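S.K.: Got a structure for you, written out below as structure tokens; questions coming shortly.
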């Protein structure tokens, strides 16, 4: 589903990604973790072309994202993305947030989009809030709406960029629960997160990054059992024993 | 103060006809409003466009917006008015140039609207740019990630919020359009400044009355612009969106 091949990226002189390679097959859940500044958020933004890469190749569902001729809007319309700061559209009601992409990008009718939106809102447990505005919801609720918005486009895979790191601790679980459910339904997911509990529960693989490189790319059991690199061991001991 | 007040001058007829000076003032007000509103439409449309251009990812396209703003912002308004009035007609092809200089109807008015509109557009452009750049970076990404094109992202995601944010400075700019329209007297439009100067000369020194009434009318116009924008601000309020009071 997603192939990342030898990707390198620079911001000016500064190299943020160095020869990153990994791939995610259909139905797989891959957690990307690593210390801050390791390039994991940058890498996930390259997958749907929000960030350009200078070297290497990324292919999503057979389409080369890194090819200048690629119709990126079309590709992105079926790659769902969830952001750290939710990024709902503040001037639209929740219903409108859920409908706008379906109507303007997929060409669905307002009624159809509305119905689909309400179904998804129900699924994330927020149908009572359909007519509210994003500013009237808590962070956890906003992030669940953001997941529903991504799902409204019927994505073939989902990208999560630190979906819980801007949330109050007591709201993290309501978002993770939705994500676990998605994973269990077989959604292909690439998740940048520090939530190791989530990784243990549903990840198939864990990719560990440090200083712009993929240091470790292992199955969940391998990663948590005996990480090969010292850097991953250090990271794990810090994050699990805090 | 040894000043001889005479408010009756407004009801005196002008030396060369049967209109009263009051009628002059009313005409002047009409031209002031006409110039200001027409210029504001130009400023809003072209200013928004230039402001948006300055924020697009493509640097070459953004440069067009940069040049636009720098030119219209860095030359004094009065000078721009003279450039449009005296210089630009000379630069046109010969036939067009002749037509503009001799036959163009309402030449003074159109020139004033153009000069004020373009001058104001540079200021509007900067506000629009500031509004767009004040939005979280993730908003653009969220729009693009949904599958919107850049244009759709501006239309549905960035501009609706950017314009809401900049209503206060846009209000000042709308009011400025009324106040700055006074320069049109320099090319001979019979707006409020022109009328008051004319009255000062013709009424034998009734300086205060001649200047006070137009002044009050400017205040009324600018305040009306302010109230209109206040309504716009109220109507476009987003529930739950925190605005510092």
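Residue numbers (my numbering), protein chains in the order written: chain E, 3 to 244; chain V, 1387 to 1631. All residues carry an ideal CB built from backbone N, CA and C; glycine is no exception. As the structure is a prediction and not an experimental result, all values here were calculated from the model.
Name the one or two DSSP bridge partners that residue 1514 of chain V has.
M.R.: Answer is none; residue 1514 of chain V lacks a bridge partner.
S.K.: Would you mind sorting residue 1 of chain E into buried or exposed? The rule is 16 or more other CB atoms within 10 Å of its CB.
M.R.: Because chain E is modelled from 3 through 244, residue 1 of chain E falls outside the range shown and cannot be assessed.
S.K.: Apply the 10 Å Cβ neighbour rule to residue 1440 of chain V and answer buried if 16 or more other Cβ atoms are within range, or exposed otherwise.
M.R.: With 16 or more Cβ atoms within 10 Å of its Cβ, residue 1440 of chain V is classed as buried.
S.K.: Using DSSP bridges, identify the partner residues of residue 159 of chain E.
M.R.: According to DSSP, which records beta bridges pairwise, residue 159 of chain E is partnered with E:81.
S.K.: Going by other Cβ atoms of all chains shown within 10 Å of its Cβ, with 16 needed for buried, is residue 233 of chain E buried or exposed?
M.R.: It counts as buried.
S.K.: Could you spell out the range, first to last residue, of the beta strand (DSSP E) harbouring residue 91 of chain E?
M.R.: That residue, residue 91 of chain E, is in no beta strand (DSSP E); it is neither H nor E in DSSP.
S.K.: So what's residue 1391 of chain V in DSSP terms, helix, strand or just coil?
M.R.: Coil.
S.K.: Counting only beta-carbon separations shorter than 8 Å, does residue 87 of chain E have a partner in chain V?
M.R.: Yes, because at least one Cβ of chain V sits closer than 8 Å to the Cβ of residue 87 of chain E.
S.K.: Any idea what DSSP makes of residue 47 of chain E, helix, strand or coil?
M.R.: It is helical.
S.K.: Which residues in chain E sit within 8 Å of residue 1441 of chain V, going by Cβ to Cβ distance?
M.R.: The premise fails here: residue 1441 of chain V is roughly 16 Å from chain E at the closest Cβ pair, so nothing lies under 8 Å.
S.K.: Quick check on the burial criterion: 16 or more other C-beta atoms within 10 angstroms. Buried or exposed for residue 1617 of chain V?
M.R.: Label assigned to residue 1617 of chain V: exposed.
S.K.: Contact defined as beta carbons within less than 8 Å: I believe residue 192 of chain E pairs with residue 161 of chain E. What is the distance between those atoms, to the nearest angstrom?
M.R.: Indeed, because the Cβ distance is near 5 Å, the residues count as touching under 8 Å.
S.K.: Could you have a look at residue 1631 of chain V and say whether DSSP puts it in helix, strand or coil?
M.R.: Low per-residue confidence applies at residue 1631 of chain V: pLDDT is 47, beneath 50, and the placement is therefore not dependable, though the value from the model is reported in the following sentence. In the structure shown, residue 1631 of chain V sits in coil (DSSP, three-state: anything other than H, G, I, E or B).
S.K.: Determine, for residue 52 of chain E, whether the minimum Cβ-Cβ distance to residues of chain V falls below 8 Å.
M.R.: Answer yes: the Cβ-Cβ gap between residue 52 of chain E and chain V drops below 8 Å somewhere.
S.K.: Please tell me whether residue 1530 of chain V has its Cβ less than 8 Å away from any Cβ of chain E.
M.R.: At least one chain E Cβ lies under 8 Å of residue 1530 of chain V.
S.K.: Does residue 1550 of chain V get closer than 8 Å to chain E when you measure Cβ to Cβ?
M.R.: It does: the Cβ of residue 1550 of chain V has a partner Cβ on chain E nearer than 8 Å.
S.K.: Is it the case that the CB of residue 6 of chain E approaches a heavy atom of the ligand COA more closely than 7 Å?
M.R.: Absence of the ligand COA from the depicted structure is noted, as is the absence of any ligand whatsoever, leaving it without description.
S.K.: Please report how far the alpha carbon of residue 1410 of chain V lies from the alpha carbon of residue 1453 of chain V, in whole angstroms.
M.R.: Spanning the two alpha carbons is a distance of roughly 40 Å.
S.K.: For residue 155 of chain E, return the contacting residues in chain V, with the cut-off set at a CB-CB distance below 9 Å.
M.R.: The answer, in chain order, is 1532 and 1533.
S.K.: Name, please, each residue of chain V whose Cβ falls closer than 8 Å to the Cβ of residue 138 of chain E.
M.R.: Going along chain V in sequence order, the residues near residue 138 of chain E (Cβ under 8 Å) are 1625 and 1626.
S.K.: Counting along the chain, where does the alpha helix (DSSP H) carrying residue 141 of chain E start and finish?
M.R.: Start and end: 141 to 153.
S.K.: Kindly indicate if chain E contains any beta-carbon less than 8 Å away from that of residue 1618 of chain V.
M.R.: Answer no: the Cβ-Cβ gap between residue 1618 of chain V and chain E never drops below 8 Å.
S.K.: Which residue wins for smallest C-alpha separation from residue 147 of chain E, given the options E:129, E:157, E:198 and E:44?
M.R.: Among E:129, E:157, E:198 and E:44, the Cα nearest to that of residue 147 of chain E belongs to E:129.
S.K.: With a threshold of 8 Å on Cβ separation, who are the neighbours of residue 75 of chain E within its own chain once the five nearest residues in sequence on each side are excluded?
M.R.: Counting only Cβ-Cβ distances below 8 Å, and skipping sequence neighbours, we find 107.
S.K.: Helix, strand or coil: which one does DSSP assign to residue 107 of chain E?
M.R.: Three-state result, residue 107 of chain E: coil.
S.K.: Could you tell me the alpha carbon to alpha carbon distance between residue 1573 of chain V and residue 1447 of chain V, rounded to whole angstroms?
M.R.: When rounded, the distance between both Cα atoms is 35 Å.
S.K.: Looking at C-alpha atoms only, which residue of E:190, E:180, E:142 and E:196 is the closest neighbour of residue 239 of chain E?
M.R.: Ranking E:190, E:180, E:142 and E:196 by Cα distance to residue 239 of chain E puts E:196 first.
S.K.: Can you round the beta-carbon distance between residue 1437 of chain V and residue 1510 of chain V to whole angstroms, since I take them to be within the 8 Å contact cut?
M.R.: About 7 Å; that satisfies the 8 Å criterion.
S.K.: Using only CA atoms, which one of V:1480, V:1530 and V:1604 lies nearest to residue 1412 of chain V?
M.R.: Of V:1480, V:1530 and V:1604, the residue nearest in Cα terms is V:1604.
S.K.: Below 7 Å between beta carbons is the criterion; list the residues of the segment 79 to 112 of chain E that meet it against any residue of chain V, in chain order.
M.R.: Listed in sequence order: 79, 83, 85, 87, 89, 91, 92, 93, 102, 103, 106 and 107.
S.K.: How far does the alpha helix (DSSP H) with residue 1417 of chain V in it reach, from first residue to last?
M.R.: First-last of the alpha helix (DSSP H) with residue 1417 of chain V: 1407 to 1439.
S.K.: From residue 177 of chain E to residue 85 of chain E, what distance separates their C-alpha atoms?
M.R.: Cα to Cα, the separation comes out at about 12 Å.
S.K.: Taking the alpha-carbon of residue 159 of chain E as reference, which of E:143, E:43, E:181 and E:169 has the nearest alpha-carbon?
M.R.: Considering only alpha carbons, the answer is E:181.
S.K.: With distances taken between CB atoms, is the gap from residue 171 of chain E to residue 135 of chain E smaller than 8 Å?
M.R.: Cβ atoms of residue 171 of chain E and residue 135 of chain E: not closer than 8 Å.
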